[in-house]
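In what follows, a single structure is set out as structure tokens and then discussed.
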Amino acid sequence: MMWCMKRTNIYLAEGQAAALDRVAEAAGVSRAEVIRELIDRAIGGHPGADLAADVAAITGSFGVLAGQDAFSRTRDERMDYLDRLADE
């Protein structure tokens, strides 16, 4: 498959550029690839990406755990857990 791409330049705030770099590094892709994916997602050009469906799924998940007991740990249990991780 042959790709034809058009070069474009944009100006980003320092924080935006830094955030893009962090996302790109975590995903193992270029900053440009992250931008392309975000644009595709925002305008519906990405196969399988449906912003309205994503928002509906997120909205539908609110309150799903209503009535469930909250998980809690005491500070001692949390510190024990962190100590075990540090020993590994």
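Taken in order, the sequence shown gives residues 1158 to 1245; the numbers are from this note's numbering.
Note that CB positions come from ideal geometry on N, CA and C, so glycine has one too.
Just tell me which of the options has its CA closest to the CA of residue i.
i     : options                       : result
V1180 : E1171, I1192, T1216 and A1210 : I1192
D1211 : D1240, L1222 and A1199        : A1199
From residue i to residue j, what distance separates their C-alpha atoms?
i     : j     : result
A1176 : G1224 : 36 Å
D1237 : D1226 : 23 Å
Please say whether residue j and residue i have beta carbons closer to each other than 9 Å?
i     : j     : result
A1183 : E1190 : no
D1178 : R1164 : no
If you reduce the DSSP assignment to three classes, tell me which class residue i lands in.
i     : result
Q1225 : coil
L1242 : helix
V1180 : helix
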